[in-house]
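All letters in the sequence shown, in the order written, are residues 378 to 699 by my numbering.
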Amino acid sequence: MSESPVWQPTASRDALKSRAQQLAYVRGFFCERDVLEVETPVLGRHGVTDLNLEGISADVRAGGVQGGWLQTSPEYPMKRLLAAGSGCIYQVARVFRNGERGRRHNPEFSMLEWYRVGMDDQALMAEVADLVCGWLGCERPVQRNYRQAVFENAGFDPMEISNGDLKRFCVQWLEPEQLTDLSRNDCLDLVMSFAVEPKLGFDRPVFITRYPAAQAALARVSHDQGHSVAHRFELYINGLELCNGYWELTDPEEQRERFEADNQQRRMAGKPEMALDSAFMAALEAGLPDCSGVALGLDRLLMLKVGARTIEEVLAFPIERA
Numbered sequence: 378m379s380e381s382p383v384w385q386p387t388a389s390r391d392a393l394k395s396r397a398q399q400l401a402y403v404r405g406f407f408c409e410r411d412v413l414e415v416e417t418p419v420l421g422r423h424g425v426t427d428l429n430l431e432g433i434s435a436d437v438r439a440g441g442v443q444g445g446w447l448q449t450s451p452e453y454p455m456k457r458l459l460a461a462g463s464g465c466i467y468q469v470a471r472v473f474r475n476g477e478r479g480r481r482h483n484p485e486f487s488m489l490e491w492y493r494v495g496m497d498d499q500a501l502m503a504e505v506a507d508l509v510c511g512w513l514g515c516e517r518p519v520q521r522n523y524r525q526a527v528f529e530n531a532g533f534d535p536m537e538i539s540n541g542d543l544k545r546f547c548v549q550w551l552e553p554e555q556l557t558d559l560s561r562n563d564c565l566d567l568v569m570s571f572a573v574e575p576k577l578g579f580d581r582p583v584f585i586t587r588y589p590a591a592q593a594a595l596a597r598v599s600h601d602q603g604h605s606v607a608h609r610f611e612l613y614i615n616g617l618e619l620c621n622g623y624w625e626l627t628d629p630e631e632q633r634e635r636f637e638a639d640n641q642q643r644r645m646a647g648k649p650e651m652a653l654d655s656a657f658m659a660a661l662e663a664g665l666p667d668c669s670g671v672a673l674g675l676d677r678l679l680m681l682k683v684g685a686r687t688i689e690e691v692l693a694f695p696i697e698r699a
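So, in structure tokens, the structure goes:
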């Protein structure tokens, strides 16, 4: 005899009420700043090339379309709106990432994404701080660069360490044979996930900035002490990553080269190549305005607000009960 399904929600009524209050707060925040709320498709014709994101395919047969993808982010269609002259925009979106389930992950989750025309990454960080600290009532974040954060928490310079030494450092989390096919960026991601992130943002919120250029596929790049670094930032509070932001890349040729490099890495990793989103590329070629953008996890922000230890405490129905 099969077990009866668990039909009850995992979130309390107080958590559900706090989520509703959060949405009202977000909409009020952007209304006061004259940022337009938009909606873009959850179901798209293209996935993403990013090696670290696994999309969920869909069996679409409509309008001449065969196949499709649940979107990992509303970024590409939102940038198409920017190129069409929308001005500053934001969206509260449901997004999907396969293979992600844990204390802080669910395959379907809520993302707040917004783009500010004419702002660089520093100005956008200030706005992120206004939104997050206004909701949580916390101290404003400090800034620390990626290189400094890794050195202080892992004990080596991520810009200078050799690939061999880096893999030897990662043996504490994976077996040597598991490391064989990992790229330098894969290993640095391990270091960030296990040695750095759990220690960030406990004294006060912290923005990590100036990531290696190879770790920011959609950000502008500059140079710092002989190394290419990206205009990318992430916000951490109590060891929890809340958002990922960029001063956006607007050069279509450089973007195409980065997508092709992604697909080359996918081939080397034995993963299927992903077709480039031709509509997104056409929008870039038409002209994306100078802007910065950021994606913020609303479920994680709510976890901090209500003191939840796991994401299911703020979700009505996580994947096991969906």
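Just so it is clear, CB atoms sit at the ideal spot from N, CA and C, and this is done for glycine as well.
Worksheet item: When the Cβ atoms of the segment 425–432 are set against those of the segment 446–455, are three or more pairs found closer than 8 Å?
Response: With the rule of 3 Cβ pairs closer than 8 Å, the segment 425–432 counts as touching the segment 446–455.
Discussion item. For Phe546, report the span of its alpha helix (DSSP H) as first-last.
Written reply: First-last of the alpha helix (DSSP H) with Phe546: 540–547.
Discussion item. I'd like to know whether the C-beta atoms of Arg524 and Met536 end up nearer to each other than 7 Å.
Written reply: Cβ distance < 7 Å, so Arg524 and Met536 count as in contact.
Item to complete: Might you give, ordered along the chain, the residues of its own chain that have their beta carbon closer than 7 Å to the beta carbon of Phe610, omitting 5 neighbours on each side?
Response: So the list reads Asp498, Met502, Phe584, Ile585, Thr586, Gly622, once near-sequence residues are dropped.
Practice prompt. Please report how far the alpha carbon of Lys394 lies from the alpha carbon of Tyr453, in whole angstroms.
Written response: Distance between the alpha carbons of Lys394 and Tyr453: 31 Å.
Discussion item. For the beta strand (DSSP E) containing Gly674, name the first residue and the last one.
Written reply: Note, Gly674: beta strand (DSSP E), 668–674.
Worksheet item: Mapping DSSP to helix, strand and coil, what is Val425?
Response: Annotated three-state conformation of Val425 is coil, per DSSP.
Fill in: Per-residue burial, Thr557 [other beta carbons within 10 Å of its own, 16 or more giving buried]
Thr557 counts as exposed, since fewer than 16 other C-beta atoms from the protein chains shown sit within 10 angstroms of its C-beta.
Worksheet item: Looking at Phe636 and Lys653, is the spacing between their C-beta atoms short of 7 Å?
Response: One point to set straight first is that residue 653 is Leu, not Lys, in the sequence displayed. Closer than 7 Å, so yes.
Worksheet item: Per DSSP, Ser434 forms a beta bridge with which residues?
Response: Ser434 pairs with Trp446.
Worksheet item: Below 8 Å, can you find three or more Cβ-Cβ pairs linking the segment 562–577 to the segment 593–604?
Response: Flag = no, the segment 562–577 and the segment 593–604 do not touch.
Practice prompt. On the DSSP bridge assignment, give the partners of Arg581 in chain order.
Written response: Arg581 has no beta-bridge partner at all, per DSSP.
Practice prompt. Give the straight-line distance between the Cα atoms of Met651 and Pro484, rounded to the nearest whole angstrom.
Written response: Straight-line spacing of the CA atoms in Met651 and Pro484 works out to 20 Å.
Worksheet item: Taking Cβ positions, are Cys510 and Arg521 nearer each other than 7 Å?
Response: Going by C-beta atoms, Cys510 is not nearer than 7 Å to Arg521.
Discussion item. My output table needs one value for Asp601: the three-state DSSP class, helix, strand or coil.
Written reply: DSSP places Asp601 in strand when its eight states are reduced to three.
Item to complete: Starting from Ser487, follow the beta strand (DSSP E) in both directions and report where the run begins and ends.
Response: First-last of the beta strand (DSSP E) with Ser487: 485–494.
Worksheet item: Thinking C-beta only, is Val691 closer than 7 Å to Ala685?
Response: Against a cut-off of 7 Å, the Cβ pair of Val691 and Ala685 comes out as a contact.
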